[in-house]
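My numbering numbers the first residue of the sequence shown as 10 and each following residue consecutively.
In what follows, a single structure is set out as structure tokens and then discussed.
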Amino acid sequence: MKALLPNIWEWSWFSEDKQLNFNGHLLTVGEHRILVDPPPMTAGDIAFARQGGPVDYIIVTNRDHEREAASLREEFRCTVMVPELDAKDMTMTPDKTCKDGELLPGGIWVIQLAHQKSAGESALFLETGKGILIVGDAMIGHPEGSVRLLPAEKYVDIHQTHESLRRLLKYNFDSLVVGDGSSIVRGAKPIVEQMLAQA
10 MKALLPNIWE WSWFSEDKQL NFNGHLLTVG EHRILVDPPP MTAGDIAFAR
60 QGGPVDYIIV TNRDHEREAA SLREEFRCTV MVPELDAKDM TMTPDKTCKD
110 GELLPGGIWV IQLAHQKSAG ESALFLETGK GILIVGDAMI GHPEGSVRLL
160 PAEKYVDIHQ THESLRRLLK YNFDSLVVGD GSSIVRGAKP IVEQMLAQA
């Protein structure tokens, strides 16, 4: 568990198959302590997450980032929220669903992205600091310091995928927190703009 940004910590599980870190994030926002897209946690990670108060929510950004949400719901006795359009495709039954434009506990905005790998793929936006964008499979932080998309065969229409992602540029963010790969702590928006401009 490492400090990534003020009130945001990251832990990782390395996928031999994908050759990428699968990242989970612990957010302390307002009165809430929230896990996002949690991969396996060590005993030390769990102990760290309990410091400062109980974890009350787990947010999953897409059907494929369910990861350890079910077991950690039992561990922390918390509420799991998932995108409404992906709920039916998950192995677990969520406690709540969320949709585009919804304001979640802690002041987290949901941005649903069309034409992605899954129907419910959602980014999360925090207006805190210079703006923080959290993504699941919408963008991969790889190589370090840059972003890319999943392989083109994961999408029905890659052009529409790019068009949908341009919606993110309407938001003011300096940091990009990723579920896969390496997060970009500062100067993220120009990097995302450059990736989309080359599409």
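All C-beta atoms, glycine included, are put in the ideal place defined by N, C-alpha and C.
Cβ neighbour criterion (16 or more within 10 Å) applied to residue i
{"i": "S192", "result": "buried"}
{"i": "G190", "result": "buried"}
{"i": "V165", "result": "exposed"}
{"i": "F134", "result": "buried"}
{"i": "R157", "result": "exposed"}
Beta-carbon contacts of residue i that lie in its chain and below 8 Å, excluding the five residues immediately before and after
{"i": "N16", "result": "L36, T37, V38 and T137"}
{"i": "R176", "result": "I120 and L122"}
{"i": "L29", "result": "F23, I149, H151, D189 and G190"}
{"i": "D109", "result": "V119, I120, Q121 and S131"}
{"i": "I67", "result": "I43, L44, V45, P47, A78, L81, R82, F85, C87, T88, V89 and M90"}
Nearest residue (CA-CA) to residue i, options the options
{"i": "H18", "options": "V45, T100 and R76", "result": "Just to set this straight, residue 18 is Trp in the shown sequence, not His. Of the listed residues, the one whose Cα sits closest to W18 is V45."}
{"i": "L13", "options": "S184, D65, K198 and Q203", "result": "S184"}
{"i": "Q125", "options": "S173, W20, M50 and V201", "result": "S173"}
{"i": "P47", "options": "R195, P114 and F85", "result": "F85"}
{"i": "K27", "options": "Q207, H41, P160 and A206", "result": "P160"}
{"i": "S127", "options": "P114, C87, R82 and V69", "result": "V69"}
{"i": "E40", "options": "D65, P49 and A56", "result": "D65"}
{"i": "Y180", "options": "K198, S21, V194 and F31", "result": "K198"}
{"i": "P114", "options": "M99, M90 and K97", "result": "M90"}
{"i": "E93", "options": "E25, H171, G129 and F31", "result": "G129"}
DSSP state of residue i mapped onto helix, strand, coil
{"i": "A123", "result": "coil"}
{"i": "M90", "result": "strand"}
{"i": "F182", "result": "coil"}
{"i": "T170", "result": "helix"}
{"i": "A132", "result": "strand"}
{"i": "R42", "result": "strand"}
{"i": "V201", "result": "helix"}
{"i": "K108", "result": "coil"}
{"i": "K163", "result": "helix"}
Those residues which DSSP pairs with residue i across a bridge
{"i": "P157", "result": "Per the sequence shown, residue 157 should be read as Arg rather than Pro. Beta-bridge pairing links R157 to I149."}
{"i": "G33", "result": "W20"}
{"i": "D3", "result": "Here the chain has residues from 10 to 208 only, and residue 3 is not among them."}
Close-in-space but distant-in-sequence residues of the same chain around residue i (CB under 6 Å, 5 per side omitted)
{"i": "H74", "result": "D46, G145 and G188"}
Residue i CB to nearest heavy atom of the ligand GTP below 7 Å
{"i": "E75", "result": "With respect to the ligand GTP, the structure shown offers nothing to examine, as it has no ligands at all."}
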